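Number of protein chains: 2
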Amino acid sequence: MQDLSAIRIVLVQTSHPGNIGATARAMKNMGLSNLYLVSPKDFPSGVALGRAASALDVLDNAVVVDTLEAAIADCGLVIGTSARSRGIPWPMVTPEECGEKLVAACRQNSVALVFGREDSGLSNEELRQCHFHVQIPTNPAYSSLNVAAAVMVLCYEIHRAALKAEDARDAATEDDWDQPLSTVADMDGYMAHLEEVLTRIDFLDPKAPRQLMTRLRRLYTRIRPDRMEINILRGMLTAIQTHLDKAGNRADT
Amino acid sequence: MQDLSAIRIVLVQTSHPGNIGATARAMKNMGLSNLYLVSPKDFPSGVALGRAASALDVLDNAVVVDTLEAAIADCGLVIGTSARSRGIPWPMVTPEECGEKLVAACRQNSVALVFGREDSGLSNEELRQCHFHVQIPTNPAYSSLNVAAAVMVLCYEIHRAALKAEDARDAATEDDWDQPLSTVADMDGYMAHLEEVLTRIDFLDPKAPRQLMTRLRRLYTRIRPDRMEINILRGMLTAIQTHLDKAGNRADT
Chain A
1 MQDLSAIRIV LVQTSHPGNI GATARAMKNM GLSNLYLVSP KDFPSGVALG RAASALDVLD
61 NAVVVDTLEA AIADCGLVIG TSARSRGIPW PMVTPEECGE KLVAACRQNS VALVFGREDS
121 GLSNEELRQC HFHVQIPTNP AYSSLNVAAA VMVLCYEIHR AALKAEDARD AATEDDWDQP
181 LSTVADMDGY MAHLEEVLTR IDFLDPKAPR QLMTRLRRLY TRIRPDRMEI NILRGMLTAI
241 QTHLDKAGNR ADT
Chain B
1 MQDLSAIRIV LVQTSHPGNI GATARAMKNM GLSNLYLVSP KDFPSGVALG RAASALDVLD
61 NAVVVDTLEA AIADCGLVIG TSARSRGIPW PMVTPEECGE KLVAACRQNS VALVFGREDS
121 GLSNEELRQC HFHVQIPTNP AYSSLNVAAA VMVLCYEIHR AALKAEDARD AATEDDWDQP
181 LSTVADMDGY MAHLEEVLTR IDFLDPKAPR QLMTRLRRLY TRIRPDRMEI NILRGMLTAI
241 QTHLDKAGNR ADT
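Protein sequences, first through last, are from chains A and B. Every letter in the first sequence is one number past the one before it in the working numbering, and letter 253, counting from 1, is 253. Every letter in the second sequence is one number past the one before it in the working numbering, and letter 158, counting from 1, is 158.
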């Protein structure tokens, strides 16, 4: 899967160290590693370590800063979490769109997803520093999510978006390639040719072939070479054979 | 939004009361109210109350039972959470599909989403009582989610599915079916009856049952028979028994 290390999770003035630990665990579960803490009330803390379980590396590498500005200054995209729209309306994204935007932008930029205080969230001033606001849909009768629970949901959506992007890229490879893919027959021809050469160079013992050819077939199948590439590969084999022939002739004379 | 009270969240042998409290909060945030606790280690507990925040009503109304069977006997659809597939493979759904299935089925049936122990999840025996298994995609290097975090993600998907269903009342099979689904108790009764008959006709050797009954349970679970169908299936078993009895009587006389 795509490298997600350019995505940072930023927690602003978190009061309860348990939420920092739970955030680290949720991040690592979802393939994220880059945690920024803006003026945490209680950190480092044994409580955070306990709740982080096996994500201690995320806590160890957490960057502690004094202001939100310091956490996001070098970011090309910043999305802030907001329980409700406040002050003047801001561009809003759904959790799904939030994941997609972060995953797309993190290929070329540092990007940040920002979470506010347990009791009061992000201030209007802080929300204005974000390009987008994201809101997790909730039961209107009880909309206040625990901050680590909100982190879990949005990291889950980031991970989901990364998996989807991977699928889409696989599909795009099929579509856009500049050469036709090699056929099964091409591959069979190549494998036969390869076997012949490997036998001749005593790399393969036909009497005890073990799994060698199977492993090689799996490897080349995974590459899915296009027509031109398979011609190149076969050309290399032919070149080896020609060379051996010549050497043989010389040895004979 | 659709009433989701027929969806119950079942926690099996939870060790840490904090996870029970966080589950209650996540449920209420996502519009769910129906919590079952199977042999919790420490409940009621002040720690659970603290983590539940304003979801005390969910804790107050939680149903405590001794066994998973007691929590799901009357359910028409049961989905169990599984970190990995174990034993023989079972029908799997994604978190998104899990939400959709529960929301669709809960219109006519009680349905359950089951979470296992913090350290070891659900047992194979428990997983076999579920119609589907759901797995939250994770970082392969650290796949162990906190149980309350898993509850949060799957309740979020339930809520998302309910919102989507509201937007576009999609025609799910569950919705249109003319008969109520068979319950877990119906299926248990059928499986016991089937085992009895198979033993009698020497198809099943109780001393060497191998995986036969598990495979048959998987097969019938996949069908998800309605009430009428399960009555037909049981009727067939009874007919076989009656026939064998008569033949036995004739042989005796």
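Don't be surprised by glycine CBs; every beta carbon is placed ideally from N, CA and C. All figures in this text were calculated on a predicted structure; none of them were measured in a lab.
Legend entry - Where Arg8(B) falls: helix, strand or coil (DSSP): Residue state, collapsed to three classes: strand.
Legend entry - Bounding residues of the alpha helix (DSSP H) (the contiguous stretch that carries Cys98(A)): 95 to 105
Legend entry - Interface positions of the stretch 29 to 51 of chain B facing chain A (Cβ-Cβ less than 9 Å), listed along the chain: Asn29, Met30, Gly31, Leu32, Arg51
Legend entry - Stretch-stretch touch, CB-based, cutoff 8 Å, three pairs: the stretch 147 to 155 of chain B with the stretch 85 to 104 of chain B: yes
Inset, instruction - For Met152(A), go through chain B and note every residue whose CB falls closer than 7 Å to its CB, in chain order. - result: Ala149, Met152, Val153
Legend entry - Meets three-Cβ-pair contact criterion under 8 Å: the stretch 185 to 197 of chain A and the stretch 50 to 60 of chain A: no
Inset, instruction - Could you work out which residue in Arg224(B), Ile223(B), Thr199(B) is closest to Leu212(B) when comparing CA atoms only? - result: Thr199(B)
Legend entry - Strand pairing of Ala112(A), partner residues [DSSP]: Arg8(A), Val78(A)
Inset, instruction - Answer yes or no: does any C-beta atom of chain A fall closer than 8 Å to that of His193(B)? - result: It does not; no Cβ of chain A falls within 8 Å.
Legend entry - Backbone CA spacing between Asp245(B) and Leu127(B) [nearest angstrom]: For the pair Asp245(B) and Leu127(B), the Cα-to-Cα distance works out to about 36 Å.
Inset, instruction - Starting from Ser143(A), find everything on chain B with Cβ-Cβ shorter than 8 Å and list it in chain order. - result: Asn29
Legend entry - Boundaries (first-last residue) of the beta strand (DSSP E) holding Tyr36(B): 34 to 38
Inset, instruction - For Lys41(A), I'd like the list of residues in its chain whose CB is within less than 6 Å of its CB, leaving aside the five on either flank, ordered along the chain. - result: Ser15
Inset, instruction - Figure out for me which residue from Val10(B), Glu166(B), Leu219(B) has the closest Cα to the Cα of Gln2(B). - result: Glu166(B)
Legend entry - Gly76(A) and Ala105(A) closer than 8 Å at C-beta: Contact: yes.
Legend entry - the stretch 214 to 234 of chain B in contact with the stretch 136 to 147 of chain B per 3-pair CB rule at 8 Å: no
Inset, instruction - Would you identify the three-state DSSP class for Leu145(B), choosing helix, strand or coil? - result: coil
Inset, instruction - Taking only beta-carbon positions, decide if Tyr156(B) is within less than 8 Å of chain A. - result: yes
Inset, instruction - Go ahead and label Met27(A) buried or exposed: buried means 16 or more other beta carbons lie within 10 angstroms of its beta carbon, across all protein chains shown. - result: buried
Inset, instruction - Would you mind sorting Leu219(B) into buried or exposed? The rule is 16 or more other CB atoms within 10 Å of its CB. - result: exposed
Legend entry - Contact with chain B by Ala55(A), beta-carbon distance below 8 Å: It does: the Cβ of Ala55(A) has a partner Cβ on chain B nearer than 8 Å.
Inset, instruction - Check whether the Cβ atoms of Ala52(A) and Arg25(A) sit closer than 8 Å, and answer yes or no. - result: Their beta carbons are under 8 Å apart, which means Ala52(A) touches Arg25(A) by this criterion.
Inset, instruction - Drop a sphere of 10 angstroms on the beta-carbon of Met236(A), count the other beta-carbons inside from all chains shown, and report buried for 16 or more, exposed for fewer. - result: exposed
Legend entry - Residue-chain proximity (Thr81(A), chain B), Cβ-Cβ < 8 Å: No, because no Cβ of chain B sits closer than 8 Å to the Cβ of Thr81(A).
Legend entry - Residue(s) in a DSSP beta bridge with His133(B): Gly80(B), Met92(B)
Inset, instruction - Would you tell me roughly how many angstroms separate the C-alpha atoms of Ser5(B) and Leu32(B), rounded to the nearest one? - result: Distance between the alpha carbons of Ser5(B) and Leu32(B): 6 Å.
Inset, instruction - Would you check if the distance between the CB atom of Val12(A) and the CB atom of Leu68(A) is smaller than 8 Å? - result: yes
Legend entry - Extent of the continuous alpha helix (DSSP H) to which Met30(B) belongs: Premise fails: Met30(B) is in no alpha helix (DSSP H) and is neither H nor E.
Legend entry - In DSSP terms, what Gly121(A) is bridged to: Bridge partners of Gly121(A): Arg117(A).
Inset, instruction - Identify every residue that forms a DSSP beta bridge with Asp226(A). - result: Leu181(A)
Legend entry - Element boundaries [alpha helix (DSSP H), containing Arg51(A)]: 46 to 52
Legend entry - Contact set for Met30(B): own chain, Cβ-Cβ below 7 Å, skip 5 residues either direction: Cys155, Tyr156, Ile158, His159
Legend entry - Residue-level contact to chain B via CB, His159(A), 8 Å cutoff: Yes, its Cβ sits closer than 8 Å to a Cβ of chain B.
Inset, instruction - Report the neighbours of Pro137(A) on chain B: residues whose CB is nearer than 8 Å to its CB, in chain order. - result: Neighbours of Pro137(A) on chain B, chain order: His159, Arg160, Leu163.
Inset, instruction - Assign Val63(A) to buried or exposed, taking buried as 16 or more other Cβ atoms, counted over all protein chains shown, within 10 Å of its Cβ. - result: exposed
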